[in-house]
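Just so you know, the sequences run in chain order A and B.
Numbered according to this note's numbering, the first sequence spans residues 1 to 469.
Numbered according to this note's numbering, the second sequence spans residues 1001 to 1469.
Shown next, in structure tokens, is the structure this report addresses.
Protein chains: 2
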Amino acid sequence: MDSSSLLLSGGKILTPSMNIITADIHIDQSTGVIEAIEAGLDPSRFETSLDVSGCVCMPGLVNAHTHIAMTLLRGYSDDKPLNAWLREDIWPVEAQLTTEHIRAGTELGLVEMIRSGTTAFADMYFEIPETVAAVDAAGMRARLGHGIVTVDKEPAAARADIEKGLTVAQEFQQAADGRIQTAFMPHSLTTVDDDLLADGAERATAENMYIHLHANETSDEVNPIVERTGERPIQHAETLGLLGPKTFLAHGVHVNMDEIATLARTDTAVIHCPASNMKLASGIAPVSHLREAGVTVGLGTDGVASNNDLDMFSELQDAALLAKLGADDAAALPAGEAIKMATADSAAAISLPGGRLIEGGVADIAVVDLDTPHFTPQHDVVSHLAYVATGADVRHTICDGSILMRDRTLQTLDAEAIQDTAETAATDLLARIWFWFSYLCRASLKDSHLPLSRESRPSGREGIRQLLN
Amino acid sequence: MDSSSLLLSGGKILTPSMNIITADIHIDQSTGVIEAIEAGLDPSRFETSLDVSGCVCMPGLVNAHTHIAMTLLRGYSDDKPLNAWLREDIWPVEAQLTTEHIRAGTELGLVEMIRSGTTAFADMYFEIPETVAAVDAAGMRARLGHGIVTVDKEPAAARADIEKGLTVAQEFQQAADGRIQTAFMPHSLTTVDDDLLADGAERATAENMYIHLHANETSDEVNPIVERTGERPIQHAETLGLLGPKTFLAHGVHVNMDEIATLARTDTAVIHCPASNMKLASGIAPVSHLREAGVTVGLGTDGVASNNDLDMFSELQDAALLAKLGADDAAALPAGEAIKMATADSAAAISLPGGRLIEGGVADIAVVDLDTPHFTPQHDVVSHLAYVATGADVRHTICDGSILMRDRTLQTLDAEAIQDTAETAATDLLARIWFWFSYLCRASLKDSHLPLSRESRPSGREGIRQLLN
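Structure, rendered in structure tokens:
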């Protein structure tokens, strides 16, 4: 018997070319690598054996753009356009976030990802040491960075934020036994000053770092850049030294054909976020044009506050459906291509291993239970994974050879405790926001008591509005 | 103790005005009516009591347009535009459907609906007696009709199909103790001849029947009608006598403002099918314009073959997201309105009771389990139901006061047997299609053996294509 060997036996396997075969998977848990994919392996040779008959083993999903701590803000503000949503609702709340809130939101997000078969992600947020510790404990894979915002900051503070972005990317590169990689992550071309962007990009490139930023998300942000610089955003990003094979941009909704050509020429990847782009009415990204031009297009949920979940199955279905509408072609982004976007292409876009089940590749695997009415009849399992599956269909999640979820029970994290902690943290966060609002607006308050009990008041923004009336 | 009384205790309730309150629900199972919604009801007074603490009780979802037997074709053909998809893939298969296939697909669809909290639906298909029997046994509520198609038929056969549509609507009205209602259901303005449509509409109206048809689904179908009749499709439908307060039209994607005004003036309802409209690249229905004009807009999944599931939570999320994109306004169709579309508005559109939890109203209820990481934190339960929930979150489903699913276990149907039967029926259907193809194309076949074993051949269309090469 091989020590630290894991067998997945009796199931189907989704191959990198999107075929379904019947075979077993032999995993070396000490290296986290798939040793063999072949039929009829003998279970007695393996230390651990999972019977996955009735299931399909597919690559763990790769969420290539999110802000995981924002899981704590799920449902806090909806049904508003990006600018108002950010400035009126999200940023004021984020200003009140403590390290504890961020840890609570991050752990909640990790639980949700593992439960829905995601094994790797790229994340831009604050308090990266917290994220590093949480990802390490969870056993997942991630590319992390500090989200740099310099607008409205004093020069020294702005400069310090750039330094922090660079330092964090250096410090945590290869953390968690190499499962954690990093990137330099300025928020966007409109929220970081040009001189700092250029300086940061130059230093990040010199240090061989990856670069991640938001770009061309809404039409509103394009014109000001054109007016200010005379360049379209993507051209301006190239001028600032931000593009290249180590750069991945989130959204890329409002990119014209010249910008698509620039992205292709510089080998810059784009992360498509269809649910967020629909929810904030940002628009439809030209996914078919980007892919035809040779741009690597990954897939991300964006933060939960604009999604409102981290379920990559739901996201890849949105991508497949929206691509058809965007291209006016029902054949655009067919089922298998949408799954590739959520797995192999996402992994390539953020340069993490995984996204394909191959011998010698990392053992990052989502095991999906097919034995259910909504996957019946099984005319086409690939179609079902793209158009029907949700995260709730994932039975086991494996990352780097370790079982993170087994029969829907998390193995590395205490899901129940994390859920309770998150609920408590959210209540505390709301209390802080109420305190802050009441401090600023005391004169206009009908009632100066702070309504600390969640039950006694309307929820979220509505409650604050009522308090301020 | 009241006999045949059911208590749902300790949960939250979604009110018709989309507020969340904490109260118990008292149901009289003999009448199927909600007797009382109030806090602190004594469980000992009730014959049956369900502890729904940690859950929210919401109206059972109402799927206002589907073709339920097509659940048997899930994943059979994807990623093709409507016309090619129908004519090359779906209609040839449908020509091979036997009564047994239709029964199997219908029962599979009923299982899927109940599992995802749907309690009522409108269905257009064939072999309505089968559907009536299956819906009766399942305990659901439905408005059913025979889908009339007369193009390419001999005059006598075309006329017979109209007669069948009228006869079926008369025969099964008020079946299943009144849970089943009917409608006259010509397929569309392009698949039924004008003279037959006009005659059928006149007789249906004289008989006080409801009318349901597809309209303005793709841009391709609009121009031929304009060229042939000089009228836009909706105007032409009015000329034929098809519009009115008892008519509901599926899709309504390509309707102009004049047509919207006609729909509003005639009080004709529209059933929005966002997933199907995206998947077939049909377009974005002007839902905001329709609603602003006062048109009742319900929500439907369409058939599974173009969706690919019957999950109304996923559908209402698609509706909420797509409305924002269509209106270029992130405030369009906010969470609560999307839920209303899937419940009260759908029920109104197809004129079935339900869609709202009120005292004296029917007890058609979906009980959604909120105690899960993806509904954490609970800033806003209405937001979670619209933007996060899937059918898998439904714990109990109640229709007409009867428990159809309890703790995810179906009470009226044998889900496991139905799943097995559906898989067998699908295999049999594929074998018939292969036989039919081999009969038509014997000369061109590489191999005249019929590959009856599912495992030994590629699935669905791909297999047929390979066989024909």
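All residues carry an ideal CB built from backbone N, CA and C; glycine is no exception.
These numbers come from a predicted model, not from an experiment.
Within the stretch 1065 to 1152 of chain B, the complete alpha helix (DSSP H) segments of 4 residues or longer fall at 1091 to 1094, 1099 to 1115 and 1128 to 1138, listed in chain order.
For the pair I358/A and I398/A, the CB atoms are not nearer than the 8 Å cut-off. Annotated as distal: L1110/B and L1072/B, with beta-carbon spacing of 8 Å or more.
Shown here for V1362/B: same chain residues with a beta carbon closer than 7 Å to its own, the five before and five after excluded, namely G1032, V1033, P1353, G1354 and D1400 in chain order. Interface flag for S9/A against chain B is unset, since no Cβ pair is found closer than 8 Å. In this chain, P186/A is not harboured by any alpha helix (DSSP H); it is covered by the beta strand (DSSP E) spanning I180 to P186. Using a Cβ-Cβ cut-off of 7 Å, D161/A is close to nothing in chain B; its nearest Cβ partner there is about 28 Å away.
Counted as a single uninterrupted DSSP element, the beta strand (DSSP E) harbouring G1298/B occupies residues V1297 to L1299.
Within the same chain, Cβ atoms closer than 7 Å to the Cβ of A1237/B are found at L1189, A1215 and L1243, the five residues on either side in sequence being excluded. Following the DSSP letters along the chain, one finds R395/A inside the beta strand (DSSP E) bounded by residues V394 to C399. Residue environment analysis places M1278/B among the buried positions, since at least 16 neighbouring C-beta atoms fall within 10 angstroms of its C-beta. Using a C-beta cut-off of 8 Å, the stretch 39 to 52 of chain A makes no contact with the stretch 73 to 93 of chain A, since fewer than three inter-stretch Cβ pairs fall below that distance. Closer than 8 Å to the CB of N1308/B there is at least one CB belonging to chain A.
Contact with chain B is found for Q378/A, since one of that chain's Cβ atoms lies less than 8 Å from the residue's Cβ. Membership of V367/A in the beta strand (DSSP E) is indicated by the continuous run I365 to D369. Interface annotation, I284/A: in contact with chain B, CB-CB separation under 8 Å.
When the Cα atoms are used, A1250/B and G1147/B turn out to be separated by approximately 13 Å. In the three-state DSSP reduction, R1432/B falls in the helix class (H, G or I).
Taking V151/A as the centre and dropping the five residues before and after it, the same chain places the C-beta of T191 closer than 6 Å to its C-beta, in chain order. Taking C-alpha positions only, N1223/B is separated from D1199/B by approximately 24 Å.
Non-local C-beta neighbours of A138/A in its own chain, meaning closer than 6 Å and more than five positions away in sequence, comprise L110, T412 and L413, ordered along the chain.
The alpha-carbon separation between V1295/B and Q1235/B amounts to approximately 15 Å. Counting other Cβ atoms within 10 Å of its Cβ, N1083/B stays below 16 and is therefore classed as exposed. Contacts with chain A (Cβ-Cβ distance below 7 Å) from the stretch 1379 to 1407 of chain B involve H1379, D1380, S1383, H1384, Y1387, V1388, T1390 and A1392, listed in chain order. The straight-line gap separating the alpha-carbon atoms of M1405/B and D1318/B is approximately 25 Å. For E1088/B, there are no neighbours in chain A by C-beta distance under 7 Å, as the nearest C-beta there is about 12 Å away.
Around the beta carbon of Q170/A, fewer than 16 other beta carbons lie within 10 angstroms, which makes this residue exposed.
With its beta carbon less than 8 Å from one in chain B, K279/A belongs to the interface.
For the C-beta of K80/A, the chain B residues within less than 9 Å are, from N- to C-terminus, A1330 and A1331.
Residue environment: F1126/B is assigned as buried (16 or more neighbouring CB atoms within 10 Å of its CB, all protein chains considered). G178/A sits exposed, since fewer than 16 C-beta atoms from the chains shown fall within 10 Å of its C-beta.
Residue pairing from DSSP places I34/A in a beta bridge opposite I27/A.
Within the model, the alpha-carbon separation for H1187/B versus T118/A is close to 42 Å. For S1049/B, the enclosing beta strand (DSSP E) stretches over residues F1046 to D1051. Boundaries of the alpha helix (DSSP H) around L1316/B: M1312 to A1327. M1209/B and D1193/B have their C-alpha atoms roughly 20 Å apart.
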